[in-house]
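> Protein chains in written order, with numbering that gives the first Met the number 0: chain A, 0 to 434; chain B, 0 to 240.
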Amino acid sequence: MADHTHSSTKRALSMASAGASVAGSYIGYLLQRAFLGKERGEARLRSTHVRAARRMRDEMQSLRGPAMKLGQTLSLQTGTLPDEFVAELATLQMEAPGMHPSLVRAQFKSSMGREPEEIFKKFSPEPFAAASLGQVHHATTREGEMVAVKIQYPGIRQAIENDFNLFRTVSKPAQASGHISKAAIDELEQQIVAETDYEREADNIEFFARKLAPLSFVKVPRVFRRYSSNRVLTMSLMTGEHLDSLLTHRTPRKLRDLLGTNLFELFYYQLLKVGALHVDPHWGNYLFTRDGSIALVDFGCVKYFQPETLNYLHRVFLYRGSCESADFRRILEESHRAAGQELLPGARRALIRFSKTFYRQVYPPRPDEQREPFDFGAVEFLQEYLREAKNVFRTKGIMPDLIFLGRAEMGLYQTLHRLRARVPTSRIVKKYLRS
Amino acid sequence: MSALIYFHERTHESELARMVAKKKTTTKAKKPRRPKPEGGGRRAQNKEAIRKRIVSAALSLFQTNGFDATTTKAIARKAKIAEGTVFNYFKSKEDIAHYFFEEEVDHAIAQIRDNPRLKKAPLEEKLFALVHSQLEFLTPHERFIGAAFIHALRPASPLGIFSHRAQALRHRYIGFVQELFEESLPKQNSLTWLAPDVFWIFYLGVLLYWQNDPSPGKQNTLAFLDRSLNIGVSLLKQGKR
């Protein structure tokens, strides 16, 4: 117990020291700005951003676990954070500090009961990819199949619980002001803790492999149950390029549009047909190929929606009438009531405004009237989305069941924006709406 | 394990013994009173097999019945030999326990030295591998280790901290840790001389943590060991002058 306390204190101190250091960078900048011209002042601000962002990234990496998850989530927030921050935080997705081979071996053996070499024909002690809660190694099974073995960092569950205890304490003012609700923190914790159970993730993979079979452009790995446990997950090896690598080459517009359209279709197929969504949207979880296929490589964070929530989505998506009509208001109120939540007037206004200013623009209610595919290349739509989403959060207009949908949606838009893809949004959504 | 059992205040005498022990470990780890296999002859092999049987029987009884409740008679019965034969190999059950802890340290040192990949590994990984191999060795005898801890704290305990044999083993272990520090840290590091002793105390802490760790597969011990070694080595590296 004392050790756990010690461990959480250490993590708290580490977070606090990161915060102090970041604050220190900015105080230093403010002092210097008084003596610098405008141009030099801006250059200094940029370098301050970079320094602060690096410091924050390093601390989040060393803490691993939920702090890294938070960093990843922040990296998807183009428009709210300085670009220098986004660039640094984006590296969190692929560059968590690895476990050294001796720790990998110890962790593998503690979970599987045997050394990796006793189970696999070949096992690479060096990881080829980092996940936020673990790292991934190449291996070959005794039958000669190439596989990816995901191994969880030890003690991560305990670390998550400690971090959330801490987060609950430090976010008390935000909870009191209504910016963060307890239900939202509970939902967040439940989802992130669920990610530490690799047996559950194996179930998710098999579920999605079945459900996504009709989408020929989607590839889902195969689970090797006999080489897996709750802390080790062995899957078939998926091939493809990460978004960053894809975008370093000149990617033809046609391919960008195709990948964007497929990604968009995958999202709405999951949401409206399957009723469950892969809600960890950062681009490290997708592998793209040049024929437009998308391989999904991480199923830790999956949200299975309640029937009432799905019903709500089917009713509000592409709503044809006016967003200010009594009928639309009634749909909002009924749906929130069905989810056990009273819709406050402020929240109702925020939701109506969100529908009117953002969704109407990105998803015209009549697909046949959408002459041009929506162009995700412009940054304004993202800024608008963030502004309106924040407003809905602040007025407590979001159902807890939809918190992760918001995060996934942001990830989708962010990826589409980076692809600068043009997508026939409403046509795709309409395909999967209940008639 | 051994840790608490052999721990004592640093003295000039122990410093001297450490230097002697260090010299020994740089060549090949040799213990003070270990039987030498005599050219692999059948007689020697038989003797070694009986010794192993006695140790295995004793550990099994220490684990199930507890250290205090186990008699040499019971050990002989379990090993299917006469009680007198036990005394041909070990003076007492405490002697068997000492032998086991010597085996543990030898095993851990060999694990590090016989792994060519670890030669170039960073210090934190070498130290992790050392402690982890000790813990793995101790895992089947966890209950006995807990009892031995308590036993070692008794002033008159034959397993206690002031026996020459116990000190010699501790010195050999610390000497080996010193070697690891020296091959990984710059010579002028002002903390290298102190670090092995601090590591010994740290090891005690890890052992206590491990004993009380209820997490599946002792997950939290691995995390604790990994993170604290990272912090410790990073502090050491900052201490260079």
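For glycine and all other residues, C-beta sits at the position ideal for the given N, C-alpha and C.
Of the residues B:Ser91, B:Pro195, B:His150, B:Ser132, which one's Cα is nearest the Cα of B:Gly65?
Selected option, being the one with the closest Cα: B:His150.
> So is A:Phe403 buried or exposed if we call it buried at 16+ other beta carbons inside 10 Å?
By the 10 Å Cβ count, A:Phe403 comes out buried.
> At a Cβ threshold of 8 Å, is A:Pro153 touching chain B?
Yes, its Cβ sits closer than 8 Å to a Cβ of chain B.
> For A:Leu343, would you say it is in contact with chain B, using Cβ-to-Cβ distances shorter than 8 Å as the test?
Chain B, which has no Cβ nearer than 8 Å to the Cβ of A:Leu343, makes this no.
> If you compare alpha carbons, which of B:Ile173, B:Phe86, B:Gly83 is closest to B:Val130?
Nearest of B:Ile173, B:Phe86, B:Gly83 to B:Val130, Cα basis: B:Ile173.
> Residues of chain B with a CB under 7 Å from the CB of A:Ser101: which are they?
Glu124, Phe127, Ala128, His131, listed in chain order.
> With a CB to CB cut of under 6 Å and the five nearest residues on each side skipped, what residues in its chain are close to B:Leu58?
Excluding residues within five positions, the ones whose Cβ falls inside 6 Å are His140.
> Sorted by chain position, which residues of the same chain lie with C-beta nearer than 7 Å to A:Lys121's C-beta, five sequence neighbours on each side aside?
Ala138, Thr139.
> Does A:Met409 come out as helix, strand or coil in the three-state DSSP assignment?
A:Met409 falls in the helix class under three-state DSSP.
> Using a Cβ cut-off of 8 Å (strictly closer), state whether B:Asn87 contacts chain A.
For B:Asn87, the answer is no, since every Cβ of chain A falls outside 8 Å of its Cβ.
> Hey, how far is the Cα of A:Ala346 from the Cα of A:Gly376?
Distance between the alpha carbons of A:Ala346 and A:Gly376 is about 30 Å.
> Which residue wins for smallest C-alpha separation from A:Asp256, given the options A:Ala420, A:Ser101, A:Pro172?
Among A:Ala420, A:Ser101, A:Pro172, the Cα nearest to that of A:Asp256 belongs to A:Ala420.
> Given B:Asn229, which residues of its chain have a CB within under 7 Å of its CB, disregarding the five upstream and five downstream residues?
Answer for B:Asn229: Glu123, listed in chain order.
> Of all Cβ atoms in chain A, is any one closer than 8 Å to the Cβ of B:Ala2?
Because B:Ala2 sits at a pLDDT of 38, beneath the cut-off of 50, its placement in the model cannot be relied upon, and the following sentence gives the value as read from the coordinates. False, the Cβ-Cβ gap to chain A never drops below 8 Å.
> By how many angstroms is the C-alpha of A:Ser110 removed from the C-alpha of A:Tyr412?
About 38 Å.
> Taking the Cβ atom as the reference point for each residue, do A:Leu317 and A:Leu331 lie within a distance shorter than 8 Å?
Cβ distance not < 8 Å, so A:Leu317 and A:Leu331 don't count as in contact.
> Would B:Ser183 pass as an interface residue toward chain A - the criterion being a Cβ-Cβ separation below 8 Å?
Chain A contact via Cβ: absent.
> Hey, could you find the ends of the beta strand (DSSP E) A:Ile465 is sitting in?
Because chain A in this structure spans residues 0 to 434, residue 465 of chain A falls outside the shown range and cannot be described.
> State the DSSP-derived secondary structure class of B:Tyr202, mapped to helix, strand or coil.
Residue state, collapsed to three classes: helix.
> Cα-Cα, which of A:Lys181, A:Gln157, A:Arg156 is closest to A:Thr168?
For A:Thr168, the nearest C-alpha among the options comes from A:Lys181.
> If you measure between the beta carbons of B:Phe127 and A:Ser101, is that distance less than 8 Å?
Cβ distance < 8 Å, so B:Phe127 and A:Ser101 count as in contact.
> On the DSSP letters alone, give me the boundaries of the beta strand (DSSP E) that B:Ser214 sits inside.
Neither: B:Ser214 is in no beta strand (DSSP E) and is coded neither H nor E.
> Could you name the residues of chain B that A:Gln157 contacts, counting a contact when the two beta carbons are closer than 9 Å?
Here the neighbours are Ser214, Gln218, Asn219, Ala222.
> Does the Cβ of A:His416 have 16 or more other Cβ atoms within 10 Å, making it buried, or fewer, making it exposed?
With 16 or more other Cβ atoms within 10 Å, it is buried.
> Return no unless some Cβ of chain B is closer than 8 Å to the Cβ of A:Ala346.
Closer than 8 Å: no.
> To the nearest angstrom, how far is the alpha carbon of A:His335 from that of A:His313?
Taking the straight line joining both Cα atoms gives about 14 Å.
> Taking the CB atoms as reference points, tell me whether A:Glu200 and A:Leu246 lie closer together than 8 Å.
The answer is no: Cβ separation not under 8 Å.
> Among A:Gly133, A:Pro366, A:Leu187, A:Ile150, whose alpha-carbon lies nearest the alpha-carbon of A:Phe163?
Per the Cα distances, A:Leu187.
> Just to confirm my understanding: we take A:Ser227, look at its own chain, exclude 5 residues before and 5 after, and list those with CB closer than 8 Å. What are they?
Cβ neighbours of A:Ser227 beyond the five flanking positions: Tyr197, Glu198, Ala201, Thr233.
> Please tell me whether A:Gln190 has its Cβ less than 8 Å away from any Cβ of chain B.
Cβ-Cβ to chain B under 8 Å: no for A:Gln190.
> Check whether the Cβ atoms of A:Ser425 and A:Tyr358 sit closer than 8 Å, and answer yes or no.
The answer is no: Cβ separation not under 8 Å.
> Could you work out which residues of chain B lie near A:Ala105, taking near to mean beta carbons separated by less than 7 Å?
Correct list: His131, Leu221.
> If the cut is a Cβ gap below 9 Å, which residues of chain A does B:Ala120 touch?
Simply His99, Pro100, Ser101.
> Rounded to whole angstroms, what is the Cα-Cα separation between B:Asp67 and A:Ile155?
In a straight line, the C-alpha of B:Asp67 is about 38 Å away from that of A:Ile155.
> A:Ser110 versus chain B: which residues are under 7 Å apart at the beta carbon?
Simply Gly216.
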